Amino acid sequence: MQWLSVIPFLVVIPLAIWTKQVLPGLIVGLLAGSYLAEPTVIGGIGQAIAYIVDSLRNESNIKVLIFLYAFSGLVGMIKSAGGIRGFVELSAERVKTKREALVLTWISTFGTFSAPNFRIVTVAPIMKALLKKIKMSKEELAFAIETTSAPLIALVPIATASVGYMVSLIDQSLRQENIHLDAYSLFIRSIPFNFFSIILLMLGFYLSFIHRSKQPVTGAEGKEQLEKDPDWHHCHPAVSKELPKKPWNLLVPLILVIGLTLFLTWWDGHAKGYLFFNAFIKADVLTSMVVALIVTSFVSAVFFMVQRNKLVDLISRFIEGGNELMPVILLLAVVWGLTASAQDLGFSAFVTSNVGWIPSAFVPPVLFVIGSIISYFVGSSWGTWGILMPLGISMGAVSGAPLALVVGAVFASGAFGAFASPLSDNTNTIGKILDLTVIKYARFKLTPALIAAGIATVLYGGATLIL
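Counting the sequence shown from 1 gives a position; the working numbering is that position plus 10.
Below is the structure:
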């Protein structure tokens with residue numbers, strides 16, 4: 011009866027594509043698995059709750075949730091203290107040409123790589139303010155920003171909203187297969203195999219600084235737009251005129267959280283007796299990131315209070331910011347429950363018995379293609395990762411495909427949807443800020459995305475044969 015273990019996944023994927031929402035599919039998949047494990051009217055629901063509660067008792071899982079909530083809360087305080095508006099105003103005053111704007115877009119990744127939407131909200135208003143004086147279409151602007159958002163952030167191993175989630179998915183999937191590997195180390199080894207993100211970054215750099223369009227776009231489009239709507243401050247609440255202009259309220263917290271994360275990670279590994287580079291690999295990275303974030307939140311609150319921001323307002327903005335990520339936290343809890351239900355139904359044993367005949371060279375490219383299709387139709391990288399990672403680790407372990415390559419393929423497939431899908435939060439956020447028609451803009455960037463995806467698919471097949 012081990013074949014029953016695949017039913018939850020067979021429910022999740024088509025339902026997510028049909029509804030264009032990940033969470034309903036995951037919930038129905040969890041209920042399907044729970045009722046198979048406990049086939050009574052009330053028992054199935056009780057079992058689903060038990061799976062979620064058990065997953066939330068796990069120490070690493072709780073740390074991930076704390077990190078996600080606290081990170082979003084810190085961003086909420088930064089917004090209310092005028093950090094993002096101040097950075098936007100300062101940058102808009104200094105940038106005069108298209109090349110300077112593109113250089114700023116790429117350089118700003120060092121301070122805004124924490125989350126894709128955070129980066130878009132910080133950089134896109136600058137570009138909107140510059141549309142009148144630079145020779146570039148709004149689609150080109152958006153493409154340059156998005157290329158250095160979700161694809162790049164998927165490659166960053168510290169101090170991002172994604173890394174805790176990504177490592178937790180790997181950890182849960184490894185435990186499901188009784189594979190005794192360090193999840194963070196496996197994540198680090200998978201980064202060079204996120205071929206889609208790497209290729210898209212290279213393509214974005216080429217289009218930004220080397221390629222010359224045969225038909226240059228003048229600033230007329232931006233000029234016309236600004237004549238209709240000269241004030242860009244209402245394009246997002248984070249740059250509202252009602253907020254102060256204080257760029258250091260963005261820069262100081264970001265420098266502090268990145269610096270503390272690096273130091274505490276090294277310190278933890280050093281305390282365990284490892285030298286510099288091994289210290290980072292052997293450290294408890296998740297704990298270091300959580301501690302660094304909590305300390306940064308407290309220090310930032312004091313820093314903002316010195317500037318006469320009221321404590322009650324800062325607390326309110328922290329809670330509001332954290333609550334913005336509650337849908338993601340709920341998504342993660344359901345993913346954990348779904349993985350546990352599949353494990354109880356014998357998913358690992360089923361894969362071992364029935365998938366071993368698949369050549370290892372097919373596993374990474376097939377996972378990438380399937381994941382890219384899912385992520386394009388649901389518009390969620392995190393949802394795609396949650397659906398595919400347990401399946402990917404199982405298939406990789408059975409087929410003999412390198413696990414780092416499999417993990418890289420799964421993460422790459424989610425990055426494809428986050429970048430290319432018209433349903434993606436990133437696409438819709440930047441479309442709203444730059445006044446783009448979302449479907450038209452999604453078509454504009456689909457061609458380079460498909461080129462990068464095609465090259466990545468070939469590389470996954472080739473890399474499996476070589477490794």
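No residue lacks a Cβ here, since even glycine has one placed at the ideal position from N, Cα and C. Bear in mind the structure is a predicted one, so any value in this text is a computation, not a measurement.
Buried versus exposed, by CB contacts within 10 Å (16 or more), residue i
i, result
"ASN319", "buried"
"ASN259", "buried"
"SER363", "exposed"
"TYR216", "exposed"
"ARG327", "buried"
"GLY418", "buried"
"ASN188", "exposed"
"ILE208", "buried"
"ILE384", "buried"
"ASN204", "buried"
"GLN353", "buried"
"ALA350", "buried"
"LYS89", "buried"
"ASP64", "exposed"
"MET336", "exposed"
"ILE72", "exposed"
"VAL316", "exposed"
"GLY427", "buried"
"PHE378", "buried"
"PHE273", "exposed"
"ILE268", "buried"
"ILE325", "exposed"
"LYS233", "Here LYS233 scores only 49 on pLDDT, less than 50, and its place in the model should not be relied on; the value that follows carries that caveat. So LYS233 ends up on the exposed side."
"TYR470", "buried"
"GLY56", "exposed"
"PHE308", "exposed"
Straight-line Cα distance separating residue j from residue i
i, j, result
"ILE291", "GLU252", "44 Å"
"GLY279", "PHE421", "26 Å"
"ALA47", "GLN186", "17 Å"
"PRO412", "THR119", "31 Å"
"GLU231", "GLU103", "Any reading at GLU231 needs caution, since the residue's pLDDT is 49, under 50, leaving its predicted position unreliable; the model's value is listed next. Going by the C-alpha atoms only, they are around 20 Å apart."
"LEU415", "SER409", "12 Å"
"SER391", "SER423", "8 Å"
"ALA80", "ASN436", "21 Å"
"ALA321", "THR439", "A small fix is needed here, since residue 321 is Leu in this sequence, not Ala. Computed Cα separation, rounded: 30 Å."
"LEU114", "LEU261", "15 Å"
"TYR194", "SER70", "12 Å"
"PHE387", "LEU303", "34 Å"
"TRP381", "PRO254", "Going by the sequence as given, residue 381 is Gly instead of Trp. Going by the C-alpha atoms only, they are around 43 Å apart."
"GLY441", "SER431", "12 Å"
"PRO247", "TRP395", "30 Å"
"VAL74", "ILE163", "17 Å"
"THR220", "ALA466", "Here residue 220 turns out to be Ile, not Thr, going by the sequence shown. Going by the C-alpha atoms only, they are around 22 Å apart."
"GLY93", "VAL85", "9 Å"
"ILE157", "LEU348", "The sequence as given places Thr at residue 157; Ile does not occur at that position. THR157 and LEU348: Cα-Cα distance of roughly 32 Å."
"ALA58", "LEU40", "6 Å"
"LYS282", "PHE454", "50 Å"
"SER370", "ILE476", "11 Å"
"ASN333", "MET176", "20 Å"
"VAL301", "PHE77", "9 Å"
"VAL105", "ILE37", "47 Å"
"LEU213", "LEU398", "26 Å"
"PHE206", "MET405", "21 Å"
"PRO161", "VAL51", "44 Å"
"LEU140", "ALA154", "14 Å"
"VAL227", "ALA463", "Note that VAL227 has pLDDT 45, beneath the 50 cutoff, so the model's placement of it is unreliable and the number below is only indicative. Cα to Cα, the separation comes out at about 27 Å."
"LEU25", "PRO34", "8 Å"
"ARG129", "GLU150", "17 Å"
"PHE287", "LEU196", "15 Å"
"ALA111", "VAL345", "40 Å"
"PRO458", "LEU285", "42 Å"
"VAL448", "SER434", "10 Å"
"THR275", "LEU66", "24 Å"
"LEU210", "LEU270", "30 Å"
"GLN225", "LYS148", "Annotation note: pLDDT 43 at GLN225 (below 50); position unreliable, coordinate value reported separately. Their Cα atoms are separated by approximately 15 Å."
"ILE198", "ALA425", "17 Å"
"HIS190", "VAL21", "29 Å"
Where in the stretch 81-163 do unbroken runs of the alpha helix (DSSP H), each at least 4 residues long, occur, reported from the N-terminal end onward? 93-104, 108-117, 119-122, 126-140, 148-157, 160-163
Alpha helix (DSSP H) runs contained entirely in the stretch 432-460, provided each spans 4 or more residues: 435-443
In chain order, which alpha helix (DSSP H) runs of at least 4 residues are fully inside the stretch 407-434? 413-430
Would you call the stretch 85-100 and the stretch 123-135 touching, i.e. three or more CB-CB distances under 8 Å? yes
Residue ranges of each alpha helix (DSSP H) within the stretch 291-365, 4 or longer: 295-316, 321-333, 336-354, 357-364
Entirely within the stretch 15-88 and at least 4 residues each: give me those alpha helix (DSSP H) ranges in chain order. 17-29, 32-47, 53-66
Go through the stretch 256-292 residue by residue and report every complete run of the alpha helix (DSSP H) that reaches 4 residues or more, in order. 258-281, 286-292
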